[in-house]
Structures are given as C-alpha cells and as structure tokens.
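Numbering (our numbering), first residue to last: 2 to 152.
Where is the CB? At the ideal position from N, CA and C, for every residue including glycine.
Just so we're clear, the structure is a prediction, and the values are computed from it rather than from any experiment.
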Amino acid sequence: MLVKGIPELLAIALLAGCASVPTQDERLTQQAKQFNEPSEGNAGLYIYRDGVLGGSLKKSLYLDDQCLGETAPKTFFYTELPAGKTYKVSTESEFSNNDMTLETIAGQKYYLQQYMKMGVFVGGANLREVDEAKAQKAIQGLKLAVAGTCD
2 MLVKGIPELL
12 AIALLAGCAS
22 VPTQDERLTQ
32 QAKQFNEPSE
42 GNAGLYIYRD
52 GVLGGSLKKS
62 LYLDDQCLGE
72 TAPKTFFYTE
82 LPAGKTYKVS
92 TESEFSNNDM
102 TLETIAGQKY
112 YLQQYMKMGV
122 FVGGANLREV
132 DEAKAQKAIQ
142 GLKLAVAGTC
152 D
C-alpha cells in the first residue's frame, strides 16, 4: 500500500530540503574567518552549523535568552562577549530549547557546533563545544549569517 510509506517520505522531505537565512556580504564573512583576537576584555564566540541533516529546517539561537539569530545549513555566527561572565547559549529544538553554559575568559575564542538530530515530529537541534582547529576548518566553507531574527 502507498499509505504505508507516506510518513517515511515526509520525514525524508523535512530532513533533506534546503532552508536559507539572510547572510552578510562576502567582505564581512571573510573578515570573521580571519579568527582575529577579540577586543580587549572580550571573548569571541563562533556558533556554526555545517551538517546536512535537517537541511529544510531553520533553528533559532539565543544568548542569555536574547535572539542571536536563525541558522540554516552552512551558516555561522560570530560575536564578541564581555569576558569573565557565564552565558547561557540556547538552540531551538523540537519541544523546547536546549541550553548550555559558557564561562568566558578575556582573549579566548569559543567554538560551538549546532547539530541537528532526529525528532518525533520534526528534527531537533543541540550544541556542543568543538576544538579550535576542527571548528576553523569547518567555518571556512560557511557563510556569516545576519544576526537578530528568530521565529
């Protein structure tokens, strides 16, 4: 029966499409990819999404419950944060946000990967800290997303 395979086809369609978000111009993207030291007294934060799973889904990111922006496949964000503080970094997931805490030190750069995971109804998302070399290599193939818009 054809009806038997419809849920599987819908799941594949949701996970295989191609969502997009507004991105910065190439000059700003390349500037962020220089991985320069943050300004004095600040820490740098990169959050990137490089996987293909969940390609049709946009997911919002939050920093201390304030919208950082939406991700789509092959995008990243960069922001500087006052150092010496603990921040809550959150990503939209299937039923509620997934949170992690980040303690910042002046002059340090932090790299978080947003990754997609299978969900019950729609794909979810989570965050993990990634080492500098791996993250910088991944970010080279991505575009800097425009900050400030969340669903």
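#### Entry: Sequence-distant residues of its chain with Cβ nearer than 7 Å to residue 43 (five each side left out)
81, 82, 83, 84 and 107
#### Entry: Beta bridge counterpart(s) of residue 48 as assigned by DSSP
78 and 113
### Task
Check whether the Cβ atoms of residue 96 and residue 145 lie closer than 8 Å to each other.
no
### Task
Taking residue 29 as part of the alpha helix (DSSP H), name the residues at either end of that continuous run.
27–33
### Cβ-based burial, residue 134 [other Cβ within 10 Å; buried from 16]
exposed
### Message
Within 10 Å of its beta-carbon, does residue 40 have 16 or more other beta-carbons around it, so buried, or fewer, so exposed?
### Response
exposed
### Task
Grab me the residues of residue 3's own chain with a C-beta within less than 7 Å of its C-beta, minus the 5 sequence neighbours each way, in chain order.
Only weak support is given to the placement of residue 3: the predicted model assigns it a pLDDT of 46, under 50, and the value that follows is read from those uncertain coordinates. There are no such residues.
### Bounding residues of the alpha helix (DSSP H) (the contiguous stretch that carries residue 134)
133–140
### Query
Using CA coordinates, which residue listed in 32, 27, 104 and 94 is at the minimum distance from residue 88?
104
### Task
Express the C-alpha separation of residue 147 and residue 118 in angstroms, rounding to a whole number.
24 Å
### Query
Taking the Cβ atom as the reference point for each residue, do residue 124 and residue 69 lie within a distance shorter than 8 Å?
no
### Task
In the DSSP assignment, find the unbroken beta strand (DSSP E) run with residue 119 in it and report its ends.
It is not in any beta strand (DSSP E) - residue 119 carries neither H nor E in the DSSP assignment.
### Environment of residue 45 [buried if 16+ CB atoms lie within 10 Å]
buried
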